[in-house]
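Here the working numbering is used: the first residue of the sequence shown is 14, the next is one more, and so on.
All remarks here apply to the structure that follows.
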Amino acid sequence: MLNKRHLPSITALQCFEAVTRHLSFTRAAEELNLTQSAVSKQVAQLEELLQHLLFRRVRRRLQMTPAGDLYLVEVRKILTQVEMSTHYLRSYGGETEVLRVSTPYTFGARWLVPRLKGWRLRHPQIHLDLCNEQEPDELLQGKADLAFYFGQGSRPGTESLKLFSEELVPVCSPDSLPAQAFTDPTQLSELVLLQNASRPQGWHDWFAAQGHHTEHSYHGPRFETFYMCIRAAQVGCGVALLPRFLVEEELAEGKLVIPWQHAMPSQDAYYLAYPEHSAEVPKVRDFVKWMMEQVESD
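Structure, rendered in structure tokens:
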């Protein structure tokens with residue numbers, strides 16, 4: 014950890030950020046209700062600490078340096094986080110606990126969030142803080158209290174509860190279907206095969222499960238999240254291989270259709286994990302109980 018002498022003050026960061034927006038020490042000082050010399054001094058001390066110039070004057074106009082541009086990105090994150098944390102503590106009473114839950118983005122938006130309805134009524138003292146993560150490693154790093162993830166069983170140092178498995182089905186927009194119905198699954202490769210980063214082997218395994226092979230299994234635009242894949246299929250960019258439970262709504266409404274009726278079970282499953290030492294922590298225990306009730310009622 015940096016020595017305190019190597020950490021800038023919040024005032025210095027605020028002065029720097031204000032100057033970047035106005036490109037003027039005078040206007041930044043007016044905004045912060047400080048003198049122009051005070052703002053200038055704060056920025057000068059920051060530059061001395063960083064050993065980099067953050068601004069330069071070109072034809073009597075203030076411009077940011079590359080180092081200033083780079084530093085600004087991180088400073089804004091820090092100031093935003095401090096502001097959010099301050100608002101949070103001012104908004105909630107001393108009895109409120111924060112429960113940090115990480116989840117893959119599409120899983121969280123499509124499956125988890127709808128099942129949080131009613132949580133607040135039963136547990137008003139527990140404030141949920143959801144973040145988007147792909148792996149449960151943040152549990153051991155102390156960044157989250159619980160984590161949803163897709164994979165195989167327990168991770169070292171954690172307890173994992175299996176929620177459910179998934180089956181992958183091909184889906185596309187009704188407008189993407191040819192006039193003649195498909196008679197062979199490999200004909201799907203006549204459409205654009207949308208690839209998903211989290212299931213890179215998906216199309217290859219789907220064709221192989223039916224005894225087929227196509228050289229186009231790995232061809233097609235690649236999307237980082239299922240959410241983007243769903244949207245791409247819906248607007249006619251191609252056919253996507255997706256977990257059925259994530260597209261039930263679109264299938265029911267006819268926004269997506271299944272062009273070939275073959276569902277492929279995944280080898281992995283969805284889990285809810287938490288650190289071993291947190292098993293008896295009341296807020297963790299309450300959330301686990303709530304989620305298992307939701308799974309059982311599906």
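Backbone N, C-alpha and C define an ideal beta-carbon position, used for all residues, glycine too.
All values derive from a computational prediction rather than experimental measurement.
In terms of Cβ geometry, residue 224 and residue 254 do not form a close pair [threshold 8 Å]. Residue environment: residue 243 is assigned as buried (16 or more neighbouring CB atoms within 10 Å of its CB, all protein chains considered). With respect to the C-alpha of residue 23, the residue from 90, 138, 288 having the closest C-alpha is 90.
Counting only the Cα atoms, residue 170 lies some 41 Å from residue 269. At the C-beta level, residue 77 and residue 92 stay beyond 8 Å of one another. When DSSP reads this structure, residue 255 sits in a beta bridge with 182. In this structure, the alpha-carbon of residue 284 lies about 32 Å from that of residue 201. An exposed status is given to residue 145, since fewer than 16 other beta-carbon atoms sit within 10 Å of its beta-carbon.
Here the alpha carbons of residue 192 and residue 204 stand approximately 13 Å from one another.
Looking at the DSSP output, residue 160 bridges to 115, 286. For the set 232, 189, 219, the Cα lying nearest the Cα of residue 207 is the one of 232. Ranked by how close their Cα comes to the Cα of residue 257, the residues 167, 117, 181, 98 have 181 in first place. Assignment of residue 281 by DSSP, reduced to helix, strand and coil, places it in the strand class.
Looking at the DSSP output, residue 46 shares a beta bridge with no other residue. DSSP places residue 74 inside the beta strand (DSSP E), whose first and last residues are 74–77. Of the candidates 178, 234, 137, 70, 178 places its Cα closest to the Cα of residue 278. In the structure shown, the three-state DSSP call for residue 142 is strand. In the pairwise beta carbon analysis, the stretch 158–167 is classified as touching the stretch 109–129: at least three pairs are separated by under 8 Å. For a cut-off of 8 Å, the C-beta gap from residue 29 to residue 56 is around 6 Å, short enough to register as a contact. Rounded to the nearest whole angstrom, the CA to CA distance from residue 264 to residue 196 is 21 Å. Proximity to residue 209 across 275, 246, 32 peaks at 246, based on C-alpha coordinates.
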